[in-house]
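Heads up: the structure comes next, in C-alpha cells.
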Amino acid sequence: MKFLILNGPNLNLMRWSEPGVPGELDYNAIMDYVQAGCEQLGIETDCCQSNHEGDLVDEIQAAAGQVDGIVLNPGAYAHYSVAILDALRLCGVPAVEVMLHAPDEREPFRKTDVVSFGCQGHFIGEGPQGYLHACIYLAQLLRTDGSSKAHIVM
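Plus 79 on top of the position in the sequence shown (first one is 1) and you've got our numbering.
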C-alpha cells in the first residue's frame, strides 16, 4: 500500500512543540516521524510539499494509478480552494485531510473548510499524530472493502 502525504503552503516552515515537552519538531522531522510510523504499518509513503495551488492540484491528478490514497494537509488552501476540491473529487483516489491545529482556535474565516468535501476523513487538531491516525484510517478504509464512502471526523 502506498500513500501520498501532500502538504500545502507554509507547512515547510512549521515548527511543532508539545505543551510540557521540551524542544520542537520542524517539517522534515514531522515527515520523518510519519514515514517511520507508516513503515511499521507496511505503508510506503511519498511526501510532497508545495506553496503553489496548481502544484498541489497536479500532484493530486497524478496520484491515480500511482498511490492507493492521499493524506492531505492543505494549509490555508483548505478555506477556499475549489480547485483542490475538484481535483480530489475527480482523481479517483481516496483522500483524508489533516490539520495540525483546530481552525476554531484561529480567525473566524478559517471555520469554512472547502477542501473537506473531497475527503473521506478528517483528523483535525491532533498535531503530528494526526498524520499517522489519518494513514491508519485510510489503510483500514482501503482494506475493509475498497470503498471511499466512509466519513469520519476526529
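C-beta atoms are modelled at their ideal positions from N, C-alpha and C, and glycine is treated no differently.
Residue i, DSSP secondary structure in three states
i    : result
A229 : Confidence at A229 is low in this model, with a pLDDT of 43, below 50, so its placement is unreliable and the value that follows should be read with caution. Coil, per DSSP.
N89  : coil
L151 : strand
G197 : helix
M80  : coil
Cβ-based neighbour list, residue i, same chain, cut-off 6 angstroms, excluding 5 preceding and 5 following
i    : result
E123 : K81
L120 : none
N130 : P88
C127 : L85 and E138
Start-to-end residues for the alpha helix (DSSP H) that takes in residue i
i    : result
T223 : Q208 to T223
I163 : V161 to C170
G116 : Y106 to Q119
Contact set for residue i: own chain, Cβ-Cβ below 8 angstroms, skip 5 residues either direction
i    : result
G154 : N86, G87, P88, N89 and L90
V146 : K81, F82, L83, D125 and V172
R94  : E103, L104 and D105
P207 : W95, L104, I109, Y112, V113 and L179
A142 : L83, I149, C170 and V172
Q140 : A166, L169 and C170
Contact belief for residue i with residue j at Cβ below 8 angstroms, rounded distance in angstroms
i    : j    : result
V136 : A162 : 5 angstroms
V175 : V193 : Going by Cβ atoms, the distance from V175 to V193 rounds to 16 angstroms, so no, they are not a contact pair.
A177 : G148 : Position check: residue 177 holds Val in this sequence, whereas Ala was assumed. Between G148 and V177 the Cβ distance is about 12 angstroms, and since that is not below 8 angstroms, they are no contact.
Q160 : E186 : Per the sequence shown, residue 160 should be read as Ser rather than Gln. The pair is not a contact, with the Cβ atoms about 17 angstroms apart (cut-off 8 angstroms).
Residue span of the beta strand (DSSP E) that contains residue i, given as start and end
i    : result
T132 : Contrary to the premise, residue 132 reads as Glu rather than Thr in this sequence. Note, E132: premise wrong, no beta strand (DSSP E); alpha helix (DSSP H) at E132 to A141.
A181 : Neither: A181 is in no beta strand (DSSP E) and is coded neither H nor E.
T124 : E123 to Q128
Residues near residue i by beta carbon distance below 7 angstroms, same chain, minus five either side
i    : result
L164 : V193, V194, F196 and G197
A218 : M80, L120 and I122
F188 : H158
Within-8 angstroms CB hit, residue i to chain B
i    : result
R189 : In the structure shown, chain B does not exist; there is a single protein chain.
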